[in-house]
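Student: Pasting a structure here, questions to come.
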């Protein structure tokens, strides 16, 4: 029985020690630094027609904005959405890219298209995203549990940052968290879960909606530029707005199919059952 207990202990140790890295600086890539958990949302029937971004929070789940799944005021069907990852360049695949189709779209139950309150959603993939040198999954524990502080320095990522027609490669930019009333004064339509950041010239364009805002190595928000249809910060000097993920942390946990927390809990349960059987058998 001692041998069985030792094997169970080693298995449990392996489970708890196996952690996915959180943030990658990308310096090991010769062409462009990029985060490996960023996904591009594209229309499945159109080549290179990307309309939003998202973040892998489990092997089958992409976190993004609810508003992303509406095209011309019509909610997309899951099979109309293609998820592409492992790309630093918009029009050139990196080695080992991932292409997957959604099988389910889950919008926040209180999402309002008019006010954009609760603008959060997940897309469930029909197949697991592979973990390789270009594609990885964000540890769901690294979604921030509270909002960033005013003055915090953060990074944002996207293909269209500062550029109306988009960049050939994934870009990053440094922003600073500002008081929420500064965005309010700039004409933005704010919600109860809005993060405000500047300067205005480092921000997102429409196809960057859903891209990550990272502060202190935590995922704090998703770019949410509001429904303006152009790069509002360049034309009107407006600061950037982001969905505060700390507000929706529990919702994300609940709807992240196969998330790391539930996997970990289930494995703990299996370990306890195995120990119980070994002792009393």
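In mature numbering (1 follows the signal peptide of the UniProt record, and there is no 0), the protein residues as written are -17 to -1, 1 to 264. C-beta atoms are modelled at their ideal positions from N, C-alpha and C, and glycine is treated no differently.
Keeping to the same chain, check which residues put their C-beta closer than 7 Å to that of residue 220; ignore five residues upstream and five downstream.
Tutor: What you label residue 220 is simply residue 237 of the chain shown in a count that begins at 1. Cβ within range, chain order: 183.
Student: Taking the straight line between their C-alpha atoms, what separation do you get for residue 267 and residue 127?
Tutor: Any answer about residue 267 is impossible in this case: the structure gives the chain only from -17 up to 264.
Student: With a threshold of 6 Å, establish whether the CB of residue 108 neighbours any heavy atom of the ligand ZN.
Tutor: The ligand content of the structure shown is nil, which means the ligand ZN is not present either.
Student: Hey, out of 163, 155 and 239, whose CA is closest to residue 134's CA?
Tutor: One-based indexing of the chain shown puts residue 134 at position 151. Minimum Cα distance to residue 134 is reached at 163.
Student: Residue 39 and residue 22 look like a contact to me (Cβ under 8 Å); what is the Cβ gap, rounded to whole Å?
Tutor: Translated into the one-based positions of the chain shown, residue 39 becomes position 56. Translated into the one-based positions of the chain shown, residue 22 becomes position 39. That pair is a contact at about 6 Å.
Student: Can you give the Cα-Cα distance for residue 199 and residue 137, rounded to whole angstroms?
Tutor: Position 216 of the chain shown holds residue 199. Position 154 of the chain shown holds residue 137. Distance between the alpha carbons of residue 199 and residue 137: 7 Å.
Student: So what does DSSP say about residue 138, is it helix, strand or coil?
Tutor: Here residue 138 refers to the residue found at position 155 when the chain shown is read from its first residue. Residue 138: strand per DSSP, three-state reduction.
Student: Near residue 6, which residues of its chain fall below 6 Å by C-beta distance, leaving aside the five closest residues on each side in sequence?
Tutor: As a first step, residue 6 must be located in the chain shown, where it is residue number 23. Model confidence at residue 6 stands at a pLDDT of 23, short of 50, so the residue's coordinates are unreliable and nothing is read from them.
Student: In three-state DSSP terms, what is residue 207?
Tutor: Locating residue 207 in the chain shown gives position 224, counting from the first residue. Residue 207: coil per DSSP, three-state reduction.
Student: Looking at C-alpha atoms only, which residue of 180, 176 and 207 is the closest neighbour of residue 191?
Tutor: By 1-based counting over the chain shown, the position of residue 191 is 208. Of the listed residues, the one whose Cα sits closest to residue 191 is 207.
Student: In terms of alpha-carbon separation, which member of 46, 58, 28 and 29 lies closest to residue 36?
Tutor: Counting from one through the chain shown, the residue named residue 36 turns up at place 53. Of the listed residues, the one whose Cα sits closest to residue 36 is 46.
Student: According to the neighbour-count rule (16 or more other Cβ atoms, all chains shown, within 10 Å of its Cβ), is residue 108 buried or exposed?
Tutor: Looking up residue 108 in the chain shown gives position 125. Buried.
Student: Thinking C-alpha only, which one of 93, 172, 64 and 186 is nearest residue 159?
Tutor: Within the chain shown, numbered from 1, the residue matching residue 159 stands at position 176. For residue 159, the nearest C-alpha among the options comes from 186.
Student: Which same chain residues, not among the five before or five after residue 106, have their C-beta less than 6 Å away from its C-beta?
Tutor: If you number the chain shown from 1, residue 106 lands on position 123. 45, 85 and 88.
Student: Note down the Cα distance separating residue 153 from residue 91, rounded to an integer number of angstroms.
Tutor: Here the question's residue 153 lines up with position 170 in the chain shown. Here the question's residue 91 lines up with position 108 in the chain shown. Cα to Cα, residue 153 sits roughly 28 Å from residue 91.
Student: Residue 124 to residue 112, Cα distance in whole Å?
Tutor: Within the chain shown, the letter at position 141 stands for residue 124. Within the chain shown, the letter at position 129 stands for residue 112. Each residue's Cα considered, the two are about 19 Å apart.
Student: With which residues is residue 23 paired in a DSSP beta bridge?
Tutor: Here residue 23 refers to the residue found at position 40 of the chain shown. For residue 23, which the question treats as bridged, DSSP gives the partners 36 and 67.
Student: By alpha-carbon positions, which one of 69, 67, 56 and 224 ends up nearest to residue 97?
Tutor: Within the chain shown, residue 97 is the residue found at index 114, counting from 1. Checking every option, the nearest Cα to that of residue 97 belongs to 56.
Student: Between which residues of its own chain and residue 226 is the CB-CB distance below 7 Å, once the five residues before and five after are set aside?
Tutor: Here residue 226 corresponds to residue number 243 of the chain shown, with the count starting at 1. The residues are 48, 102, 103, 176, 204, 205 and 207.
Student: Quick one: what's got a C-beta closer than 8 Å to residue 95's C-beta in the same chain, skipping five residues either side?
Tutor: Locating residue 95 in the chain shown gives position 112, where the first residue counts as 1. Here the set comprises 101.
Student: Give the DSSP bridge partners of residue 161, in chain order.
Tutor: Taking the chain shown and counting its residues from 1, the one referred to as residue 161 is at position 178. In DSSP, residue 161 forms a bridge with 179.
Student: Hey, out of 116, 119 and 68, whose CA is closest to residue 142's CA?
Tutor: Residue 142 sits at position 159 when you count from the first residue of the chain shown. It is 68.
Student: Mind checking who residue 197 pairs with in its DSSP beta bridge?
Tutor: What you label residue 197 is simply residue 214 of the chain shown in a count that begins at 1. DSSP lists 138 and 202 as partners of residue 197.
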